[in-house]
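Below is one structure, written out as structure tokens; the observations come after it.
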Amino acid sequence: MKPSEQDLRRYQDNFLREQDGIALYRALAKAEKDPARAEIFEKLAKAEERHAARWARLLRNNQAPVPVYTPGWRILLLGWLSRRFGTQHLLPVVTGLESRDQDVYRGQVEARGIPAEERGHMRALRALQRRGQD
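Numbering (this note's numbering) for the sequence shown: 1 to 134.
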């Protein structure tokens, strides 16, 4: 069954949401001074790349345009804040964004597996928060 126009718009929104995640995690990895923590952010960015690739593939397979991504002001601001104040201070915000993403995907049959991965991201971020508080 061919996806509806509404489904295709949702795929585009999902693609852009994942692109936000990629940009944010790459900014955090770049700002992080601890190489082990930077590697965790880079792994999270790679997971978001896999998610974005899924949405791009669904769009291409249905002859729908894949949106061009430009980071919005929130992502740019979070990147700047991470460079200015360190990544540790932003982890609660980033964890909240992951929680929101998990909720967005709930009930989307095409997103099978992504909510579980987003929960894994939240666990990794919470572990980083706890480590930073020690």
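All C-beta atoms in this analysis are idealised placements derived from N, C-alpha and C, irrespective of residue type, glycine included.
Please read all numbers here as calculations on a predicted model, not as lab measurements.
Legend entry - 8 Å contact criterion, which L78 and L90 should meet: CB distance rounded: Taking the first residue of the sequence shown as position 1, residue 78 is located at position 78. Taking the first residue of the sequence shown as position 1, residue 90 is located at position 90. At roughly 6 Å, the Cβ-Cβ gap stays under 8 Å, so L78 and L90 are in contact.
Legend entry - Proximity of E49 and E18 at Cβ, strictly below 9 Å: For the purposes of this step, residue 49 is taken as residue 49 along the sequence shown, with counting starting at 1. For the purposes of this step, residue 18 is taken as residue 18 along the sequence shown, with counting starting at 1. Taking 9 Å as the cut-off, the beta carbon of E49 is found closer than this to the beta carbon of E18.
Legend entry - Buried versus exposed call for V68 [16 or more other C-beta atoms within 10 Å across all chains shown]: The residue given as residue 68 occupies position 68 in the sequence shown. So V68 ends up on the exposed side.
Legend entry - Cβ-Cβ separation, A23 to P71 (assumed contact under 8 Å), whole Å: In the sequence shown, the residue the question calls residue 71 occupies position 71. In the sequence shown, the residue the question calls residue 23 occupies position 23. Yes, they are in contact, since the Cβ atoms of P71 and A23 sit about 5 Å apart, within 8 Å.
Legend entry - Span of the alpha helix (DSSP H), counted from its first residue to its last, around P92: Counting from one through the sequence shown, the residue named residue 92 turns up at place 92. Counting along the chain, the alpha helix (DSSP H) containing P92 begins and ends at L91 to Y105.
Inset, instruction - Compute the beta-carbon to beta-carbon distance between T95 and R131, rounded to the nearest angstrom, for a pair I have assumed lies under 8 Å. - result: Counted from its first residue, the sequence shown places residue 95 at position 95. Counted from its first residue, the sequence shown places residue 131 at position 131. In fact, because the Cβ distance is near 14 Å, the residues do not count as touching under 8 Å.
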